[in-house]
Amino acid sequence: MKQMIAFDLDGTLAESKQPLEPEMAGALAQLLEVRQVAIVSGGDWPQFDKQVAGRLPAKAAKRNLWLMPTTGAKLYRYREAGWYPVYADIFAAAQRAEILAAFDAALAATGFVPERTWGERIEDRGSQITFSALGQQAPLDAKERWDPDFAKRKIIQADLRRRLPGFSINMGGATSIDITRAGVDKAFALRRLGEESGIALGAMLFIGDAIFPGGNDYPVKEAGIDTLSVRDPGETLDVIAGLLAEKTPD
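Residue numbers (the working numbering): 131 to 380.
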């Protein structure tokens, strides 16, 4: 029986950058009554607030929820006054400049220039810098068409890894590549979660849609933490229903 159920966000609990659907918000609220729950994703806190925190039912047991933006380089918890940051590991100015220069060079070298973009393609999230191929405000249908098999991003990722050997570089969402400090990935996030919560890694289950080599959920599997791969939020709802059917842990 797992004490902590950890989820990816985009593609797992919600469509890319979309708020939780009411059914998912309700299912998570039920799960929070019987488990500790964590959500780990590449988005920054404003995105988490829009997609998750602001969508939960008012009576949800938010005290049992651990929100980990920017691939776990930040952690937010809830108390009576609202959500607050527990920690945030921010890039130094020199690191930020190095990453931005590498993005410019990699995108020029690989040549993946979309016909249309929606908003900025590179976002500095403080503890993570994220490339979104079609822009931060791209519609979901366009994002799903651009790189459905991850082939384009694997080429960009490989180029970036040559240019930035001291950083973690992983694919996330539908069109994104996330860059964090070396060693900062979702396995790092769960180890840090274990330190903060007192829950052993063996008592955790991670659920995500990108548990494959190069995917930003894969480091969790590589670390030996129990994982469960899902195709989409609909399958995640089925998984949550199964968890709710289990006996409550002692």
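Beta carbons: idealized from backbone N, C-alpha and C, even for Gly.
Residue 144 places its beta carbon less than 7 Å from that of residue 150. In the same chain as residue 361, and ignoring 5 residues on each side of it, the C-beta atoms closer than 8 Å to its own belong to 339, in chain order. Residue 239 is positioned such that its CB atom lies closer than 7 Å to that of residue 289. Taking residue 248 as reference, the option from 261, 269, 235 and 372 with the minimal CA-CA separation is 269. Boundaries for residue 146: no beta strand (DSSP E) harbours it, and the DSSP string shows neither H nor E there. The alpha carbon of residue 199 has as its nearest neighbour, out of 244, 252 and 168, the alpha carbon of 168.
Looking at the DSSP output, residue 334 bridges to 134. Distance from the CA atom of residue 296 to the CA atom of residue 310, rounded to whole angstroms, is 10 Å.
Pairing residue 312 with residue 298, the inter-Cα distance amounts to about 5 Å.
Sequence-distant partners of residue 272 (beyond 5 residues in either direction) whose C-beta falls short of 7 Å from its own C-beta, in its chain, are 264. Contact check for residue 134 against residue 370 fails: the beta carbons are separated by 7 Å or more.
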